[in-house]
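Numbering (this note's numbering), first residue to last: 2 to 162.
Rendered as structure tokens:
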């Protein structure tokens with residue numbers, strides 16, 4: 002029983018280490034963690050944030066939104082609207098625990114067994130990427146739930162980085 006508890010404790014500790022946050026910054030290389038953007042036309046960009054292994058999907062989505070706000074302000078615009086969004090990668094990584102039972106009989110004797118198994122990824126699980134296609138504009142923000150004031154988004158999300 003002590004071995005089982007020690008094994009479960011080790012799995013939980015390793016799983017917690019593997020779920021580390023991703024740093025906010027530019028991506029270095031095509032598979033590197035961080036943000037990248039692609040100019041589609043003036044005032045229209047595709048912004049992507051690639052999380053590191055095990056990064057929480059909500060953090061990755063927030064960082065993509067923050068980068069869209071910063072890019073909007075850097076380009077001299079006031080607001081941006083999200084016209085398309087996509088998330089790729091698995092979100093269900095992490096430690097797992099499984100339980101199995103079995104039984105049998107032979108020659109008048111019977112037995113039952115219980116097994117417990119654990120699995121975890123030392124690599125932190127698959128990385129998640131979040132992409133936004135944004136259109137930028139000047140002046141008053143449109144009455145669209147997908148439109149954001151860039152300055153407000155930056156002020157709200159930047160302290161969390």
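The beta carbon of each residue, even a glycine, is placed where N, CA and C say it ideally should be.
Values in this document were obtained by computation on a predicted structure and should not be read as measured data.
Cβ-based burial, residue 77 [other Cβ within 10 Å; buried from 16]
Within the chain shown, residue 77 is the residue found at index 76, counting from 1. Exposed.
Which listed residue (133, 160 and 31) has its alpha carbon closest to that of residue 149: Taking the chain shown and counting its residues from 1, one reaches residue 149 at position 148. Checking every option, the nearest Cα to that of residue 149 belongs to 133.
For this session: State the beta-bridge partners of residue 134 as determined by DSSP.
Result: Sequence index remark: in the chain shown, residue 134 carries index 133 (1-based). DSSP output for residue 134 lists 47 and 85 as bridge partner(s).
Could you check if residue 27 is buried or exposed, using at least 16 other CB atoms within 10 Å of its CB as the buried criterion?
-> Sequence index remark: in the chain shown, residue 27 carries index 26 (1-based). Residue 27 is exposed by the Cβ-count criterion.
From the DSSP secondary-structure annotation, give me the bridge partner or partners of residue 150. By 1-based counting over the chain shown, the position of residue 150 is 149. Paired residue(s): 80.
Check: Do the segment 105-113 and the segment 36-44 make contact, defined as three or more Cβ pairs closer than 8 Å?
Finding: no
### Query
Is residue 112 helix, strand or coil when you go by DSSP?
Start at 1 with the first residue of the chain shown, and residue 112 comes out as number 111. Strand at residue 112.
Can you find the residues in the same chain that come closer than 6 Å, C-beta to C-beta, to residue 162, ignoring five residues on each side of it along the sequence?
In the chain shown, the residue the question calls residue 162 occupies position 161. 25, listed in sequence order.
| query | Where does residue 58 sit, in a helix, a strand or coil, going by DSSP? | reply | Within the chain shown, residue 58 is the residue found at index 57, counting from 1. Residue state, collapsed to three classes: helix.
**Asked** Of the residues 34, 65 and 50, which one's Cα is nearest the Cα of residue 81?
**Response** Numbered from 1 along the chain shown, position 80 holds the residue referred to as residue 81. Among 34, 65 and 50, the Cα nearest to that of residue 81 is on 65.
Margin query: Can you tell me whether residue 85 is buried or exposed? The criterion is at least 16 other CB atoms within 10 Å of its CB, across all chains shown.
Written below: As a first step, residue 85 must be located in the chain shown, where it is residue number 84. Residue 85 should be labelled exposed.
Review point. Which residue or residues does DSSP assign as beta-bridge partners of residue 39?
Key: Counted from its first residue, the chain shown places residue 39 at position 38. 47.
* Asked: Alpha carbon to alpha carbon, how far is residue 147 from residue 83?
  -> In the chain shown, the residue the question calls residue 147 occupies position 146. In the chain shown, the residue the question calls residue 83 occupies position 82. Using only the alpha carbons, I get a separation of about 5 Å.
Practice item. Identify which residue in 129, 23, 38 and 131 has its Cα closest to the Cα of residue 73. Key: Residue numbering aside, residue 73 sits at position 72 when the chain shown is read from its first letter. Ranking 129, 23, 38 and 131 by Cα distance to residue 73 puts 38 first.
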